[in-house]
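Colleague: Submitted below is the structure of interest, expressed as structure tokens.
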Amino acid sequence: MASKYAGYMGRVVMYNLSNGEVTEYPWSDKERELFIGGKTMASKIMADNFTGNEKPFSEENLIIISTGPLTGTGAPSSSRFNISTLSPQTGITTSSNCGGRFGYYLKKAGIDALILKGKCSEHSWLEINNGEFTLHNADDLWGMKTGAAQEALKEKHKLANGKAMKFADVVIGPAGENLVLCASVISDERVSGRGGVGAVFGWKNLKAITVRGTKTVSVADQEKTTAWCQKWFTYLREHPLTGNQLPRLGTAALVSQMQMRGLLSTKNYNYGKFDDFDDVNGETLAEDYNIVNKGCLTCPIKCARTVKVEGKDVKGPELETLGLLGGGILNNDMQKILDWNYEIDELGMDTISASSTLAWAMEANEKGLWNNGLEFGKIDNISQTFEDIAYRRGIGNELAEGSKRLSEKYGGKEFAIHSKGMELAAYEPRRAVGQGLGYAIANRGGCHLNGGYLVIVEGLGLYTDSQTPNAKADFAMMFQDLMETISASGQCLFTSYAFFPAPLITKPNSFITTACNKAIPHIAWALRFINRCSPALAIHLPVFHHTKMFKYALGMPMTFGKYLRTGERSYNLERYVNTKFGVSAAMDTLPTRLTDVPQDPDDPTTKVPLDELKKRYYKARGWDSNGIPTAHTLKKLGLGDLK
Amino acid sequence: MINVKLFGLFRLDTGIKKLEVEKAATVQDIYPLLLEKAKEVNPRTKISAKDIEGCIIVVNGKQTKKTCALKDGDEVQLMSPVCGG
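Which chain is which? The protein sequence lines are A and D, in order.
Taking numbering that gives the first Met the number 0, the leading residue of the first sequence gets 0, the next gets one more, and so forth.
Taking numbering that gives the first Met the number 0, the leading residue of the second sequence gets 0, the next gets one more, and so forth.
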């Protein structure tokens, strides 16, 4: 449906993999205003189509690949796309966000979002050319690792003169084909990793999607858009975080600071510090292994690392992988982490869940619960184990089910580090209790970002009291809401980090920073006021460039308050869909290692006071005591007519 | 002997991973030695006292201030602040 707003291509398409039927999915400007795009758009589509009885591995499950309206407009770091589906790992919705080129090319093909239903009758790959769909047999691709599959697709896109067409793709590897619950989807070297979206592709017999097109993305006011983008790019390049730290050290920069603050998951979250952290941190990666930093389309930050593996230049690890495959399993061999990171991507798995499950298995072996041959500090069998997981061979067949299911079988639930079935990232939350709240209540399971990423004020940026529950619920809500809209618009969450005033980061010992850190736990009332009355904030903040971009590029009115409210709507909508699948307070949990066992035996505060935090969070959100959004809250957000 | 270790961009900018200091009464007494070493490693370094002042200070695993008293065997970690991830 054509839109009065620029930035949108005007088509949301449902493609039935069972019979090749193409249906135009109705999507109005009213919905564009309320749900923007990306993961929020996907949540609305799921709310309209799911009853709560659907299973992840079923023809009724949908794969929704959605873009944001800012993709293709020239906005910084705006080439991301989202894949939402029912997760085989958690049984509820997952939204997995990915960088690279695919989202941009989908828009060039004239499509804002693609909804896949049904199941291919044979191994297949889907070709999209300027909005036309062709399903091909993929017997020749099936079994290939992700790199080889992408190379093979390039061959299939060669013109008669031998030149390659310009296209983008998403593919799965052996893990997706073999229904490994943490299987990922790969696009170039970028990964849609969390929640097992690759396994849903595999179940539907879908090896890959390629897309190409010649359409252009329109903007409402080209002159103002260009000028604003220039200003925004300059701002990001001059900010100490997005212009210096992330380009030079990547996310790996955080490992050392996590160590200093007891936040580095070590030996399957037994501890928060790893003695050999200096062998596997961002500095060592930059000094001894990093070749160059890379970025996605239109990204001035360029946080990705390029390293050498088997003589090839490949993508380096993020901090989560460094943490979980370093201290997490007591490994101090950086080159091994680089190798495993590459191998896991080639097999098509989520590094976080695969690594955390491995750490659980090591501890289960150590405790005599499961004799599996895996030991902390023993690294000679790790490569083989990851391969065995992807092909479901031997113990790999069991590890493919993840730590939740394994602990239900063998015991050891207290140290199965997951929430809702999804393993946590490398931030140890007993020294950052707001981060612990986030892991527990995050819509897609144990996600470090979807929960609000409070560790950024609890030790990785600002240094407020990391153990108090005060103000954490309100901060979580605000950060979640901001990140929801950033994500829905097609942008990278890293653009929000420049929201932090530079002096607060560069001068941690200054009087102002110290005062700010001390004040934060006492400003819950102010945050609550902003969260509750966000539409009244009809302003643009000078450090938050996102809102004016909506006006200039899309022609859509946007203010900071409206931006927050849009995110609030998004978060509640996704929660609402999950409640259809049984999510309630009883599922917002953490393993008892994190809630009942202090990290420091001499300091009883070093654990996550989850019950107290949840109570405050539900209240802040306007949910009932069981964690369900109330009718009043849904109505306030324009979601009163949900089925 | 006091062991000084550097982290973050400060380490990349100075080119110094670690430094052994024979004696220093407080953390801030290490700063001039560090500046000297940085100039030795790279005579054209732009590192200044201001950059060192901006570092997070950790002594024996605990975050502290530049006036923290030191004794033989202490480990001092200096890290330029990081954010996000």
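Glycine is no exception: its CB is placed at the ideal position from the N, C-alpha and C atoms.
The structure displayed is predicted, hence computed values, not measured ones.
#1: May I ask you to list the residues that DSSP assigns as paired with residue 207/A?
#2: Using 10 angstroms around the beta-carbon of residue 549/A, count the other beta-carbons present and answer buried if the total reaches 16, otherwise exposed.
#3: DSSP three-state call for residue 475/A: helix, strand or coil?
#4: Say yes only if the C-beta of residue 122/A is nearer than 7 Å to one or more non-hydrogen atoms of the ligand FMN, and no if none qualify.
#5: Hey, is the segment 524-537 of chain A in contact with the segment 96-113 of chain A, meaning 3+ C-beta pairs nearer than 8 Å?
#6: When you compare the CB positions of residue 25/D and residue 65/D, do they come within less than 8 Å of one another, or not?
#7: Does DSSP put residue 354/A in a helix, a strand or coil?
#8: What is the residue span of the beta strand (DSSP E) that residue 132/A lies within?
#9: List the whole-angstrom C-beta distance separating residue 592/A from residue 628/A, where the pair is believed to meet the contact cut-off of C-beta under 8 Å.
#10: Would residue 57/D pass as an interface residue toward chain A - the criterion being a Cβ-Cβ separation below 8 Å?
#11: Does DSSP classify residue 533/A as helix, strand or coil?
#12: Opposite residue 143/A in the DSSP bridges: which residues?
#13: With three or more C-beta pairs closer than 8 Å as the rule, is the segment 117-132 of chain A touching the segment 9-24 of chain A?
#14: Can you tell me the Cβ-Cβ gap for residue 552/A and residue 74/A, rounded? I've got them flagged as a contact below 8 Å.
#15: Taking all protein chains shown into account, decide if residue 586/A is buried (16 or more other Cβ within 10 angstroms of its Cβ) or exposed.
#16: Nearest-angstrom Cα distance between residue 138/A and residue 531/A?
#17: Counting along the chain, where does the alpha helix (DSSP H) carrying residue 518/A start and finish?
#18: Nearest-angstrom Cα distance between residue 231/A and residue 544/A?
#19: Would you please verify whether the beta carbon of residue 8/D is less than 8 Å from any beta carbon of chain A?
#20: Quick check: residue 256/A and residue 273/A, are their CB atoms within less than 8 Å of each other?
#21: Of the choices 76/A, 220/A, 90/A and 25/A, whose alpha-carbon is the least far from that of residue 490/A?
#22: List, in chain order, every chain A residue whose beta-carbon is nearer than 8 Å to that of residue 72/D.
#23: With a threshold of 8 Å, are at least 3 pairs of Cβ atoms found where one atom belongs to the segment 307-326 of chain A and the other to the segment 273-284 of chain A?
#24: For the alpha helix (DSSP H) containing residue 276/A, name the first residue and the last one.
#25: Among 568/A, 191/A and 11/A, which one has its Cα closest to the Cα of residue 25/A?
#26: Residues in the same chain with beta-carbon distance under 8 Å from residue 466/A, minus the five sequence neighbours each way, listed in chain order, please.
#27: Whose C-alpha, out of 426/A, 299/A and 636/A, is nearest the C-alpha of residue 253/A?
#28: Could you please give the first and the last residue of the uninterrupted beta strand (DSSP E) stretch that includes residue 69/A?
#29: Please check if any C-beta of chain A sits within less than 8 Å of the C-beta of residue 93/D.
#30: Taking C-beta pairs closer than 8 Å, name the residues in chain A that residue 78/D reaches, listed in chain order.
#31: Based on the DSSP output, what are the partners of residue 80/A in its beta bridges?
#32: Nearest by alpha-carbon distance to residue 477/A: which of 398/A, 567/A and 48/A is it?
#33: Between residue 474/A and chain D, is any beta-carbon pair separated by less than 8 Å?
#34: Do residue 245/A and residue 302/A come within 8 Å of each other at the CB atom, strictly closer than that value?
#35: Assign residue 524/A to one of three DSSP states: helix, strand, or coil.
#36: Which residue comes first and which comes last in the alpha helix (DSSP H) that contains residue 196/A?
Modeller: This is what the structure gives:
#1: Locating residue 207/A in the first sequence gives position 208, where the first residue counts as 1. Answer by DSSP bridge pairing, in chain order: 124/A and 170/A.
#2: Walking along the first sequence from the start, residue 549/A turns up at place 550. Classified as buried, residue 549/A has 16 or more neighbouring CB atoms from the shown chains inside 10 Å of its CB.
#3: Here residue 475/A refers to the residue found at position 476 of the first sequence. If DSSP states are grouped into helix, strand and coil, residue 475/A belongs with the helices.
#4: The ligand FMN is absent from the structure shown, which contains no ligands of any kind.
#5: Below 8 Å, too few C-beta pairs join the segment 524-537 of chain A and the segment 96-113 of chain A to call them touching: fewer than three.
#6: Translated into the one-based positions of the second sequence, residue 25/D becomes position 26. Translated into the one-based positions of the second sequence, residue 65/D becomes position 66. Between residue 25/D and residue 65/D, the C-beta gap is smaller than 8 Å, which places the two residues in contact.
#7: By 1-based counting over the first sequence, the position of residue 354/A is 355. In the structure shown, residue 354/A sits in a helix (DSSP, three-state: H, G or I).
#8: Reading the first sequence from its first residue, position 133 is the one you call residue 132/A. Taken as a continuous stretch (DSSP letters only), the beta strand (DSSP E) holding residue 132/A covers 131-136.
#9: The residue you call residue 592/A lines up with position 593 of the first sequence. The residue you call residue 628/A lines up with position 629 of the first sequence. Their Cβ separation, rounded to whole angstroms, is 30 Å, which puts residue 592/A and residue 628/A out of contact at 8 Å.
#10: Here residue 57/D corresponds to residue number 58 of the second sequence, with the count starting at 1. It does: the Cβ of residue 57/D has a partner Cβ on chain A nearer than 8 Å.
#11: Position 534 of the first sequence holds residue 533/A. Note: residue 533/A maps to helix in three-state DSSP.
#12: By 1-based counting over the first sequence, the position of residue 143/A is 144. BP columns for residue 143/A are empty, so no partner.
#13: At 8 Å Cβ cutoff, the stretches touch.
#14: Indexing the first sequence from 1 puts residue 552/A at position 553. Indexing the first sequence from 1 puts residue 74/A at position 75. Approximately 6 Å separates the beta-carbon atoms of residue 552/A and residue 74/A; this is inside 8 Å, confirming the contact.
#15: Counting from one through the first sequence, the residue named residue 586/A turns up at place 587. The residue is buried, with at least 16 neighbouring Cβ atoms inside 10 Å.
#16: On the first sequence, position 139 is the one that residue 138/A refers to. On the first sequence, position 532 is the one that residue 531/A refers to. When only Cα atoms are considered, residue 138/A and residue 531/A end up about 54 Å apart.
#17: Position 519 of the first sequence, counted from the start, is the residue given in the question as residue 518/A. If you look at residue 518/A, you'll find it in the alpha helix (DSSP H) that goes 510-518.
#18: Start at 1 with the first residue of the first sequence, and residue 231/A comes out as number 232. Start at 1 with the first residue of the first sequence, and residue 544/A comes out as number 545. When the Cα atoms are used, residue 231/A and residue 544/A turn out to be separated by approximately 7 Å.
#19: As a working mapping, residue 8/D is identified with position 9 in the second sequence. Interface residue (Cβ-Cβ distance to chain A less than 8 Å): residue 8/D is classified as such.
#20: Taking the first sequence and counting its residues from 1, one reaches residue 256/A at position 257. Taking the first sequence and counting its residues from 1, one reaches residue 273/A at position 274. For residue 256/A and residue 273/A, no; Cβs fall outside 8 Å.
#21: Position 491 of the first sequence, counted from the first residue, corresponds to residue 490/A. The alpha carbon of residue 490/A has as its nearest neighbour, out of 76/A, 220/A, 90/A and 25/A, the alpha carbon of 76/A.
#22: The residue labelled residue 72/D in the question sits at position 73 within the second sequence. Under the 8 Å cutoff, chain A gives no residues; its nearest Cβ is about 17 Å from residue 72/D.
#23: Cβ pair count under 8 Å is three or more, so yes.
#24: Taking the first sequence and counting its residues from 1, the one referred to as residue 276/A is at position 277. Where residue 276/A is concerned, there is no enclosing alpha helix (DSSP H), given that its DSSP letter is neither H nor E.
#25: Your numbering for residue 25/A matches position 26 in the first sequence. When only C-alpha atoms are compared, the closest one is 11/A.
#26: Counted from its first residue, the first sequence places residue 466/A at position 467. Excluding sequence neighbours, residue 466/A sits near 430, 432, 604 and 605.
#27: In the first sequence, residue 253/A corresponds to position 254, counting from 1. Of 426/A, 299/A and 636/A, the residue nearest in Cα terms is 426/A.
#28: Residue numbering aside, residue 69/A sits at position 70 when the first sequence is read from its first letter. For residue 69/A, there is no enclosing beta strand (DSSP E), as DSSP marks it with neither H nor E.
#29: Outside the displayed span of chain D (0 to 84) sits residue 93/D, for which this structure offers no information.
#30: Position 79 of the second sequence holds residue 78/D. Within chain A, the residues near residue 78/D are 255, 256 and 259.
#31: On the first sequence, residue 80/A is found 81 positions in, with the first residue counted as 1. Answer is 66/A and 97/A.
#32: Position 478 of the first sequence, counting from 1, holds the residue named residue 477/A. Cα-wise, what sits closest to residue 477/A is 567/A.
#33: In the first sequence, residue 474/A corresponds to position 475, counting from 1. Residue 474/A does not count as touching chain D.
#34: Here residue 302/A refers to the residue found at position 303 of the first sequence. Here residue 245/A refers to the residue found at position 246 of the first sequence. Closer than 8 Å, so yes.
#35: Indexing the first sequence from 1 puts residue 524/A at position 525. It is helical.
#36: Within the first sequence, numbered from 1, the residue matching residue 196/A stands at position 197. It spans 196-202 - the alpha helix (DSSP H) in which residue 196/A sits, taken as one unbroken run.
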